[in-house]
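Under my numbering, the residue at position 303 of the sequence shown is numbered 313, and the numbers go up by one with no gaps. All C-beta atoms in this analysis are idealised placements derived from N, C-alpha and C, irrespective of residue type, glycine included. These numbers were taken from a predicted model, which means no experiment stands behind them. Beneath this line is the structure, given in structure tokens, with notes to follow.
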Amino acid sequence: MNRYSQLLRKRDFALLWGGATVSALGDGMSFIALVWLVIERGGTPADVGWLAAVYTAPVVIGGLAAGVILDRFDPRLVLAADSAIRGLAVASIPIAAALGVLTTTQIFVVAGIYGLLFMTSSAGIPTMIPRLVEREDLTTANAMESLSFGISGLIGPTIAGLVIATLGAPLVLALDAATYGFFVLCLLAMGRGPAQLVESPSVPAPAEKRSGGGLGPALRFVLGAPAILTITLMYMCLNVAGGIFAVVIPIYAHDVLGGGATTYGLLVSSRTAGDLVGLVAVGAITWRWPLGRSIAGAIVICALMSSFLLFGPAFVPLLVILAVWGVFESSLTPWAQTIRMRLIPPELRGRVFALLRTLMQSTRPIGAVIAGSLLTNGDLMPALAAMTVLLALPGLIGLRIPALGRGPTAEPA
Numbered sequence: 011m012n013r014y015s016q017l018l019r020k021r022d023f024a025l026l027w028g029g030a031t032v033s034a035l036g037d038g039m040s041f042i043a044l045v046w047l048v049i050e051r052g053g054t055p056a057d058v059g060w061l062a063a064v065y066t067a068p069v070v071i072g073g074l075a076a077g078v079i080l081d082r083f084d085p086r087l088v089l090a091a092d093s094a095i096r097g098l099a100v101a102s103i104p105i106a107a108a109l110g111v112l113t114t115t116q117i118f119v120v121a122g123i124y125g126l127l128f129m130t131s132s133a134g135i136p137t138m139i140p141r142l143v144e145r146e147d148l149t150t151a152n153a154m155e156s157l158s159f160g161i162s163g164l165i166g167p168t169i170a171g172l173v174i175a176t177l178g179a180p181l182v183l184a185l186d187a188a189t190y191g192f193f194v195l196c197l198l199a200m201g202r203g204p205a206q207l208v209e210s211p212s213v214p215a216p217a218e219k220r221s222g223g224g225l226g227p228a229l230r231f232v233l234g235a236p237a238i239l240t241i242t243l244m245y246m247c248l249n250v251a252g253g254i255f256a257v258v259i260p261i262y263a264h265d266v267l268g269g270g271a272t273t274y275g276l277l278v279s280s281r282t283a284g285d286l287v288g289l290v291a292v293g294a295i296t297w298r299w300p301l302g303r304s305i306a307g308a309i310v311i312c313a314l315m316s317s318f319l320l321f322g323p324a325f326v327p328l329l330v331i332l333a334v335w336g337v338f339e340s341s342l343t344p345w346a347q348t349i350r351m352r353l354i355p356p357e358l359r360g361r362v363f364a365l366l367r368t369l370m371q372s373t374r375p376i377g378a379v380i381a382g383s384l385l386t387n388g389d390l391m392p393a394l395a396a397m398t399v400l401l402a403l404p405g406l407i408g409l410r411i412p413a414l415g416r417g418p419t420a421e422p423a
């Protein structure tokens, strides 16, 4: 834990991480509240589905614009403006509810604003991390970023449910708006002097700074960086598999295990708990193996865990399988982010991170569509097999890609 404490003694990084973690916790509560408000207002399951689409689909549009803005302006101020706008949008719902003028249309508009601006923080935080920590601390810092999302995903919905049951959904959104305000204060409290940049010695920065050059330089960089391109394609496959998992696991809980919502929740929580344990371990140790090869190996182990579902394990063995799956899956993002931060030139970080995360986010819905088409006859086997293949192939291929075993992907963290 010494590596974590050392990072938290860096004032600006502690402000960034602390503010982002509190804000992520608010986000983990807000979607539950939005869904509940739609249901309370007589919404149908189709309305809930449309709300989920509006909440996530604008990410593709906003993500491409966010990268250009992050590279053109101070990322700290861009993140503060993003949080202020989203906080005001979310706060409009409890205000309208208190005045008795809340409409379902307003709920959808707020969800759309969230989705449109989501990628600003998703790309902005990794853009700032290399400015605030030493090169050897990147993996720990990236593990801490992932922990923020893991914690919010684990306890955010639970807090939201308790608050909704006792005080109502609008108060949940008021709390979320307050978390945005807290993040703004943390960002504004950070130092304003020249930031330290973690440069990549293996990829020289372009002679001409092209911060205003749109997404073209970012795309050309990704296509010319074999390690980053390979990892991105691997993650796109993983997210397709993740989309299948999200559809399959509740059906498995109901049809195979004969359980209800509690069984489903415990299965999801088991994997999330494994994620958190793995993230703590990844950030605490110094990893000496090539990070690219390690990512591929961890994906192969995840595929092995997925293959066990084909044998219809009972509840307790499945909890263990999902926890182990989560432990190995948790290492992927910190290691991949470390590789990217070592390779991406500072003047392209905003655009490249936004482009990569937008590409990876866009493939998860494809997995849901594939799962739906494979489950038409009620048989889980085709969907489970597809999920396993989508995990195994990228992992096995990645073990053979030379770019994942040398250069910045192989340098000791």
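Three-state secondary structure assigned by DSSP to residue i
i      : result
ASP389 : coil
ARG230 : helix
PRO355 : coil
MET200 : coil
THR373 : coil
LEU414 : helix
ARG21  : helix
GLU144 : coil
PHE104 : In the sequence under discussion, the amino acid at residue 104 is Pro, which differs from the Phe named in the question. Correct three-state label for PRO104: helix.
LEU409 : coil
ALA402 : helix
PHE83  : coil
TRP335 : helix
VAL379 : helix
LEU225 : coil
ALA151 : helix
ALA235 : coil
TRP345 : helix
THR113 : coil
ARG361 : helix
SER210 : A caution first: SER210 carries a pLDDT of 43, below 50, which makes its placement in the model unreliable, though a value can still be read off. Note: SER210 maps to coil in three-state DSSP.
Cut-off 7 Å between Cβ atoms - residues of its own chain near residue i, not counting five sequence neighbours on either side
i      : result
LEU198 : ALA90
GLN347 : PRO136, ASN152
THR150 : ARG13, TYR14, LEU17, GLY293
LEU328 : LEU277
VAL70  : THR368, SER372
ALA396 : ILE254, ILE380, LEU384
PRO85  : GLY134, THR137, MET138, GLY360
GLY160 : THR282, ASP285, LEU286, LEU289
ALA107 : PRO180
THR66  : GLY125
8 Å Cβ cutoff met for residue i and residue j
i      : j      : result
PHE325 : THR273 : yes
VAL182 : ALA121 : no
LEU127 : ALA228 : no
ALA251 : GLY408 : no
ALA133 : PHE363 : yes
ALA393 : LEU385 : yes
GLY253 : ARG374 : yes
ILE42  : PRO167 : yes
ARG281 : TRP345 : no
LEU289 : LEU401 : no
SER162 : GLY275 : no
VAL78  : GLY224 : yes
MET244 : ILE309 : yes
TYR262 : LEU74  : no
GLY53  : THR114 : yes
LEU3   : ILE103 : The question about residue 3 has no answer, for the chain in this structure spans 11 to 423.
PHE231 : LEU358 : yes
Minimum Cβ-Cβ distance from residue i to chain C less than 8 Å
i     : result
THR31 : Note that chain C does not occur in the displayed structure, where there is just one protein chain.
Neighbourhood of residue i by C-beta distance below 6 Å, restricted to the same chain and skipping five residues each side
i      : result
ASP22  : LEU142, MET200, GLY201
ILE411 : THR240
ILE311 : PHE338
ALA205 : Low confidence applies here, because ALA205 scores a pLDDT of 44, under 50, leaving its location unreliable; read the following figure in that light. So the qualifying residues of the chain are ARG141.
THR130 : ALA76, ASP92
GLY97  : ALA187, TYR190, GLY191
LEU47  : ILE117, ALA179
ALA30  : ILE135, SER158
THR398 : ALA313, SER316, SER317
Residues near residue i in its chain [Cβ-Cβ closer than 8 Å; skip 5 each side]
i      : result
ALA413 : PRO236, ALA237, THR240, GLY302, THR419
SER40  : VAL100, TYR124, ALA170, VAL182, LEU183, ASP186
SER304 : TRP297, SER341, TRP345
TRP60  : PHE118
Integer Cβ distance of residue i from residue j, believed to fall under 8 Å
i      : j      : result
LEU369 : THR242 : 6 Å
GLU155 : ILE139 : 7 Å
ALA94  : VAL194 : 5 Å
LEU87  : CYS196 : LEU87 to CYS196, Cβ: 13 Å. No contact.
GLY405 : PRO300 : Going by Cβ atoms, the distance from GLY405 to PRO300 rounds to 14 Å, so no, they are not a contact pair.
(request) Identify every run of the alpha helix (DSSP H) within the segment 247-292, keeping only runs that are complete inside it and at least 4 residues long; order them along the chain. (result) none
(message) I'd like the ranges of any alpha helix (DSSP H) spanning at least 4 consecutive residues and lying wholly in the segment 158-187.
(response) none
(request) Entirely within the segment 26-77 and at least 4 residues each: give me those alpha helix (DSSP H) ranges in chain order. (result) 55-66
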